[in-house]
Structure formats: C-alpha cells, structure tokens
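**Q**
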Amino acid sequence: GAGVSQSPSNKVTEKGKDVELRCDPISGHTALYWYRQRLGQGLEFLIYFQGNSAPDKSGLPSDRFSAERTGESVSTLTIQRTQQEDSAVYLCASSLEIRGAEAFFGQGTRLTVV
Amino acid sequence: KNQVEQSPQSLIILEGKNCTLQCNYTVSPFSNLRWYKQDTGRGPVSLTIMTFSENTKSNGRYTATLDADTKQSSLHITASQLSDSASYICVVSGGGSYIPTFGRGTSLIVHP
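Chains W and F, in that order, give the protein sequences. Counting from 99, one number per residue, gives the positions in the first sequence under this note's numbering. Counting from 3, one number per residue, gives the positions in the second sequence under this note's numbering.
1) Around the C-beta of Leu130 of chain W, are 16 or more other C-beta atoms found within 10 angstroms, so that it is buried, or is it exposed?
2) Using only the alpha-carbon positions, how far apart do Lys113 of chain W and Ala81 of chain F sit?
3) Is the Cβ of Tyr27 of chain F closer than 8 Å to any Cβ of chain W?
4) Compare the C-beta of Phe104 of chain F with all C-beta atoms of chain W and state if any pair is closer than 8 Å.
5) How far does the beta strand (DSSP E) with Phe54 of chain F in it extend, from its first residue to its last?
6) Which same chain residues end up closer than 8 Å to Gly126 of chain W when comparing Cβ atoms and leaving out the 5 residues on each side of it in sequence?
7) What does Gly62 of chain F reach in chain W if we use C-beta pairs closer than 7 Å?
8) Given a cut-off of 8 Å on the beta-carbon distance, is the pair Val47 of chain F and Ser87 of chain F in contact?
9) Under 9 Å Cβ-Cβ, which residues of chain F neighbour Phe143 of chain W?
10) With DSSP as the reference, please indicate the residues paired to Tyr96 of chain F in a beta bridge.
11) Just checking Ser60 of chain F against the ligand MN - is the residue's beta carbon closer than 7 Å to any of the ligand's heavy atoms?
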C-alpha cells in the first residue's frame, strides 16, 4: 500500500493477556517509530528502529513492552500481561531516514484493556 | 533537555475566523520544525516543515513562521473551516537525538 498500515485498528483485551500490534511501514523507509497516545494526551515516544535495529529502548514504559522489526519492514509491538493503564492508541510512523525526515503515520491501533 | 511547549492547549473559534497557534522549543542544535495536523481517530499528517533559514512557509490557508533566534514558531490558520477542527502538533528535530521532540498539541475546535 501507499501508506503506513497498522493492524488491528481496534483491540479489546482482558487484563493479564498478551497483545501484539503490527505495523507495515512505507516500502523503503529505513526508520520506524512507535508512539503511545493516551486519551486527550500528546504522543509519547516508545521506541524507534533504524533498519532492524532498535538503538534506544529507554522509551518503553516497562519490561512488559517489547518490539521487533524484520526485513527492514514489518514491526510488531508486544505487550505482555496487559494492564488497564496500557489502554491507549498506539501509533506507528515511518520515514526515509532517521534524521529529521518527514514521518508518515499509520491510523493507529486503539487498545482497550478491560 | 529537549522540550516543545505549545499554546494554547485548546482553542474554540467560529468558522471563517483566523487563529494563531504557538510553539516554543528548547531543542538545540536545531534541525527542523514541523507542524502536524491530527484529526480525531487518525494519525498525524505533516502540514509544513521549516529549516533554520526559513522564516515563513505557507500551505494553502496554513502559514507557519519560525524565529530561530527566539526558538519560537507559529501556525496561522486563515478563514477557518469546520474541517480544521483537529489537534495541531509542533515537532522539532535536532538536539543531538534521532528522536524528534513532540509538543502536546493544541486542540482546535471550529464551530459553525
């Protein structure tokens, strides 16, 4: 596709379950970012990938969060043992390069933990 | 610490009126500044990008200004339309980090 695609668009899960969120970036974009946006709040940086490598994981809120990227393409964000405070929209963005290039965002995955 | 502050936090205007949103940043060294528009339930979309040497840039009814000396930017919206209702996010790249710094956004509501 022409843009960044995220799936699922909505996810409702029970507290304590694991969830996996997927991001398909624009083809050829080497940089990929994950953000979290709680209701009415700004974007909170989680992690970025340069190629398949994630040089800085310090933005991940806890060790329940992990992410990987393969083939310099698809990325997955996994949240283990979900908690209610994990409820948010998770946004993925990709850009041609890591320094200051325009980031193109997906529609996000709305995660609700009940 | 790299920071981006936006004001006002929220703004309500009548259709057809103009408005100006503000962005102050402490990111240094500066690389570029972008304004994004985020419609409800959608991902942000870039409106303009400004580099150090640019003072003003327009995109239709949107005009962004940059004062790199005072580290301030503004986004002016002319003749507002209902579809302008959205969150407007100021994003600054630089500061020795690969990660751009996001402001919290200004929520704009345009009433008929």
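We put the beta carbon where it would ideally sit given N, CA and C, even for glycine.
**A** If we stick to the structure as given:
1) buried
2) 47 Å
3) no
4) yes
5) Where Phe54 of chain F is concerned, there is no enclosing beta strand (DSSP E), given that its DSSP letter is neither H nor E.
6) Leu194
7) Per Cβ cutoff of 7 Å: no residues; Gly62 of chain F is ~17 Å from chain W at best.
8) no
9) Ile101, Pro102, Thr103 and Phe104
10) The amino acid occupying residue 96 of chain F in the given sequence is Gly; Tyr does not appear at that position. DSSP, once it has assigned bridges, lists F:Phe32 and F:Ser99 as partnering Gly96 of chain F.
11) In terms of ligand content, the structure shown is empty, and the ligand MN therefore cannot be addressed.
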